[in-house]
Structure formats: C-alpha cells, structure tokens
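With our numbering applied, the sequence shown has no gaps in its numbers, which climb one by one up to 394 at the end. Just so you know, even glycine gets a beta-carbon here, dropped at the ideal spot from N, CA and C.
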Amino acid sequence: MTTLTREDILSRLIRQHIETQSWGYVSTGTRFKVYTTPGTPRDVWEKIDDAALVHELTGVAPTVALHIPWDKVDDYQALATYARSKNLSIGSISPNIFQDDDYKFGSFTNEDPRIRAKAIQHSLDCIDVMSEVGSTVMSMWVADGTNYPGQGNFRRRRQYLSESLQEVYAGLSDDQSMILEYKLFEPAFYHTDIADWGQSLSFCQKLGDKAKVLVDLGHHALGVNIEHIVATLIDEGRLGGFDLNNKKYADDDLFVGAINPYEMFLIAVELVGAEDDPNPQVSAAAKKVLYKIDQCAMVEEKIPAMLRSVTAMQSSFAKALLVDREALRSAQIDGDVVEANEVLVDAFETDVRPLLAEVRERLGVPTNPLAAFKNSKERSARINDRIGIAAGW
Ligand code: RM4
Ligand code: MN
Numbered sequence: 002m003t004t005l006t007r008e009d010i011l012s013r014l015i016r017q018h019i020e021t022q023s024w025g026y027v028s029t030g031t032r033f034k035v036y037t038t039p040g041t042p043r044d045v046w047e048k049i050d051d052a053a054l055v056h057e058l059t060g061v062a063p064t065v066a067l068h069i070p071w072d073k074v075d076d077y078q079a080l081a082t083y084a085r086s087k088n089l090s091i092g093s094i095s096p097n098i099f100q101d102d103d104y105k106f107g108s109f110t111n112e113d114p115r116i117r118a119k120a121i122q123h124s125l126d127c128i129d130v131m132s133e134v135g136s137t138v139m140s141m142w143v144a145d146g147t148n149y150p151g152q153g154n155f156r157r158r159r160q161y162l163s164e165s166l167q168e169v170y171a172g173l174s175d176d177q178s179m180i181l182e183y184k185l186f187e188p189a190f191y192h193t194d195i196a197d198w199g200q201s202l203s204f205c206q207k208l209g210d211k212a213k214v215l216v217d218l219g220h221h222a223l224g225v226n227i228e229h230i231v232a233t234l235i236d237e238g239r240l241g242g243f244d245l246n247n248k249k250y251a252d253d254d255l256f257v258g259a260i261n262p263y264e265m266f267l268i269a270v271e272l273v274g275a276e277d278d279p280n281p282q283v284s285a286a287a288k289k290v291l292y293k294i295d296q297c298a299m300v301e302e303k304i305p306a307m308l309r310s311v312t313a314m315q316s317s318f319a320k321a322l323l324v325d326r327e328a329l330r331s332a333q334i335d336g337d338v339v340e341a342n343e344v345l346v347d348a349f350e351t352d353v354r355p356l357l358a359e360v361r362e363r364l365g366v367p368t369n370p371l372a373a374f375k376n377s378k379e380r381s382a383r384i385n386d387r388i389g390i391a392a393g394w
C-alpha cells in the first residue's frame with residue numbers, strides 16, 4: 002500500500018533525529034505556580050544526564066538544545082565534553098533576550114539603543130558559545146511586543162528589529178544558521194513583533210540564506226492550518242525547524258500528539274513528501290529541518306513526558322512514511338476527493354507499534370522506552386539523589 006519498501010521505512014525511522022530541550026527537563030509552570038517534581042535536575046549537568054538518558058532509551062534523540070543564560074556555565078567546552086561522554090551533543094542554542102529588567106519594553110525593538118545593543122551582544126556571545134560546543138543552529142525567539150494600542154510604533158520597532166537581527170546574523174560563521182521563531186501572542190497581548198510565519202519569512206529573506214523560519218506548533222491561532230504553512234515554507238526554501246509540542250488553546254506546551262496527533266501526522270506527511278521530492282534542493286533542505294521539542298512539563302514527570310513526545314514523533318513519521326503516495330497522486334489528479342482523503346486516513350489509522358518495535362530492536366533500545374524508564378534504577382536514583390533546589394526556567 003505504500004510506495005516505499007518496508008526496509009526503506011525502517012531505515013528512515015532509524016535515522017530519525019529529534020532534539021530534546023534542556024528546559025523541558027526542569028520545573029516550569031504557569032503565571033500562578035511552579036510545582037516541583039521529585040527527580041528534577043538541579044543544574045545543567047543533570048539536564049544533560051536526562052537528555053542523554055532519553056537518547057539511550059530511544060536511540061533517536063542525540064542532541065539537546067540549550068537556552069543561555071538558563072544553561073550558563075563557566076566552561077562550555079567542558080559541558081560539551083561531558084555531553085559527548087554520555088553519547089550526546091549540544092544542539093541548537095537560544096539566547097534569552099526576555100529575562101532581564103532591561104527588556105521590560107523590548108530587546109531588539111527597544112527605543113533605547115543601549116538595550117538593543119545589549120540584546121545584540123548577548124546573541125553574539127551565544128554564537129561564541131555555539132562555536133565552543135560545536136552547535137550550528139541559533140534558535141531565535143524574540144519575545145518583544147506591546148500590550149496596548151499606542152504603546153509602540155510598529156514600523157519603527159520593525160526597523161530596529163531588522164537592524165538588530167542583521168547584526169546578529171553577520172556574526173554567524175558559514176556553517177552556522179539562524180532559525181527565527183514567531184509567536185502570535187504572549188508575553189505581549191496586543192501585538193508581538195514577529196507574530197506569524199509571514200513576518201518571520203520576510204525578515205529571513207532580508208537576512209540571507211542562512212536564516213530560516215522556525216515553526217512552533219503552539220504559536221498559532223486556533224484552527225490555523227499548520228501543515229499548509231509548512232508546505233509553503235518548504236516551497237520557499239525557508240523551513241528551518243520546529244518547536245514541537247501540542248496545544249488545546251494557546252501556547253500550552255503539552256507533549257507532542259497529546260491533543261491532536263492527526264495534525265502532527267499531516268505535518269509529517271508534508272515533510273516526508275518534501276524529503277522524497279524529485280527536486281534535489283527541496284529534498285536536501287527537508288532533510289536538514291531541525292526537529293526540536295519545546296514543551297513544558299508542569300505537573301507531569303519530565304523524562305516520561307519527553308519520552309512521550311519522542312515516541313509520538315516516531316509514530317507520526319512512521320504513519321507519514323506509510324502513505325501511498327502514488328494512490329494519493331492519482332486520486333488528486335482524478336478529482337477523487339474521498340479516495341484522496343482515504344489514502345491519508347488509511348495510513349493514519351495503521352497500527353505502527355510493531356514497526357516501531359522493530360526500529361527499536363535494530364537501534365538496540367527498549368521496545369517500550371517509557372516502561373523501561375518507569376521500572377529503571379535511573380528513575381529511583383534520580384528521585385533519591387536529587388535533593389535540594391530543582392532547576393527552573
Ligand atoms: C517561548 C518560545 C521559545 C521557547 C521559550 C522558552 O514561548 O516557544 O521557543 O524557547 O518559550
Ligand atoms: Mn518555541
């Protein structure tokens with residue numbers, strides 16, 4: 002029923018690469034309360050331990066994303082060496098340009114040139130960190146925005162933002178790139194300076210080829226067709242990566258597939274289609290897309306939540322690889338609407354657990370990573386040993 006052989010599908014799933022994020026292992030919460038969970042890491046070294054464990058249990062999560070200064074250390078090479086000793090590499094780096102009091106009225110868009118310069122300098126410092134740890138991707142989220150009409154001048158802020166991004170971009174080496182996130186709202190509620198994919202894309206196009214759009218699945222209005230955005234960005238050669246999570250209402254940061262696994266599947270259908278595109282440029286670009294998790298475990302245990310996201314990504318891609326592309330294309334050409342949809346639903350409804358069990362056997366990891374973790378000494382050791390203040394955002 003598929004145009005790919007079982008062996009092709011298995012090897013594609015074995016090569017899958019999902020990046021987990023350091024802040025997904027720590028205590029996070031809402032505006033009202035941050036609860037801690039037994040076993041939560043107390044520092045960045047323990048976050049690395051947890052990311053390494055997720056890779057050990059799944060075989061497909063070999064990198065971890067960091068946020069600076071949340072993950073600030075004195076010696077970044079030592080951090081990278083520590084990660085490597087655990088079979089893990091440092092992935093994308095995000096500069097925090099939203100935490101300091103200085104950023105109350107914006108970072109790159111601030112009216113005060115000193116504050117804009119500070120945000121630019123911090124981002125350039127993060128490029129140095131990238132070079133030290135061997136990271137090639139800067140994941141940039143600009144939290145700037147306003148709460149009230151009249152609070153800021155849209156076009157002036159856009160100009161500041163454009164100039165600031167240009168300065169940061171200029172600091173990237175040839176093998177480094179920037180992925181630029183957008184977010185509909187929060188922390189600002191009236192407008193955000195990069196609110197949607199079109200705004201991000203226009204900045205990227207001005208910056209140059211090394212700038213691409215980052216799609217965070219939680220950063221759209223309800224009902225927005227994300228797979229269509231993904232297809233459009235692929236077509237423009239500007240899809241850089243994903244922040245993976247799931248939402249019911251807004252930027253809920255729930256684990257992948259928790260609310261709407263069909264949406265993730267439809268996104269994966271676009272990505273697999275692009276990987277197999279006859280145009281080598283399209284397929285090469287699709288293979289470079291970064292799949293980064295960006296979730297926050299508020300009351301749930303962090304490692305199990307991360308395992309759920311990783312395995313949900315495997316499941317979505319397994320199903321997308323099963324889509325009978327030839328049947329889909331003929332149904333589309335014939336105008337057979339029901340059949341075209343049926344081809345997708347048929348793949349989506351396939352039980353891919355046996356296929357994923359085989360992938361895991363070949364990777365030499367547990368067939369059920371979640372169960373393996375729950376019953377492991379790793380879990381009890383974390384609960385017993387990590388006494389003291391848990392790391393937070
Ligand atoms: C933001 C955005 C960024 C993430 C921070 C922690 O809402 O999604 O990607 O790094 O949260
Ligand atoms: Mn994000």
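Residue i versus residue j: straight-line alpha-carbon distance, rounded
i      : j      : result
Asn226 : Ala79  : 43 Å
Ala348 : Trp198 : 29 Å
Asp325 : Glu57  : 32 Å
Val344 : Phe266 : 13 Å
Asp72  : Val45  : 6 Å
Ala269 : Phe155 : 35 Å
Asn247 : Asp253 : 7 Å
Ala62  : Ser108 : 32 Å
Leu240 : Asn385 : 43 Å
Gln200 : Leu215 : 12 Å
Ser136 : Thr38  : 30 Å
Lys105 : Arg361 : 47 Å
Ser140 : Tyr183 : 11 Å
Val353 : His123 : 44 Å
Val366 : Thr41  : 23 Å
Val169 : Gln177 : 12 Å
Leu234 : Ala53  : 32 Å
Pro279 : Asp175 : 27 Å
Asp51  : Glu340 : 44 Å
Pro370 : Cys297 : 20 Å
Pro305 : Lys375 : 8 Å
Asp217 : Ser86  : 31 Å
Asp126 : Arg159 : 23 Å
Gly451 : Asp75  : Residue 451 lies beyond the range of the chain shown here (2 to 394); nothing can be said about it.
Ile390 : Arg383 : 13 Å
According to DSSP, residues forming a beta bridge with residue i
i      : result
Lys213 : Ile180
Asn247 : Leu255
His18  : Per DSSP, none; premise fails for His18.
His192 : Thr147
Leu218 : Looking at the DSSP assignment, Leu218 forms no beta bridge with any residue, so it has no partner.
Ser28  : Gly393
Gly224 : BP columns for Gly224 are empty, so no partner.
Leu240 : Val214
Counted within 10 angstroms of its Cβ, other Cβ atoms place residue i as buried (16 or more) or exposed
i      : result
Phe33  : exposed
Phe190 : exposed
His68  : buried
Ala81  : buried
Gly393 : exposed
His220 : buried
Lys303 : buried
Asn342 : exposed
Glu47  : buried
Val338 : exposed
Thr59  : buried
Met2   : Since pLDDT at Met2 reaches only 45, below the 50 mark, its modelled position is unreliable, and no value is offered.
Gln152 : exposed
Ser381 : exposed
Leu223 : exposed
Asn148 : exposed
Glu20  : buried
Asn88  : exposed
Lys320 : buried
Ile294 : buried
Extent of the continuous beta strand (DSSP E) run through residue i
i      : result
Val231 : From DSSP, Val231 is part of no beta strand (DSSP E) but of the alpha helix (DSSP H) over 227–236.
Ser377 : No beta strand (DSSP E) holds Ser377; DSSP gives it neither H nor E.
Ser203 : That residue, Ser203, is in no beta strand (DSSP E); its alpha helix (DSSP H) goes 198–208.
Ser140 : 138–141
N- and C-terminal bounds of the alpha helix (DSSP H) containing residue i
i      : result
Ser165 : 155–171
Val270 : 262–276
Can you give, in chain order, each stretch of the alpha helix (DSSP H) that sits fully within the segment 289–364 and has at least 4 residues? 303–323, 326–335, 338–349, 354–364
Segments of 4+ residues assigned as alpha helix (DSSP H) that fall wholly inside the segment 51–130: 77–86
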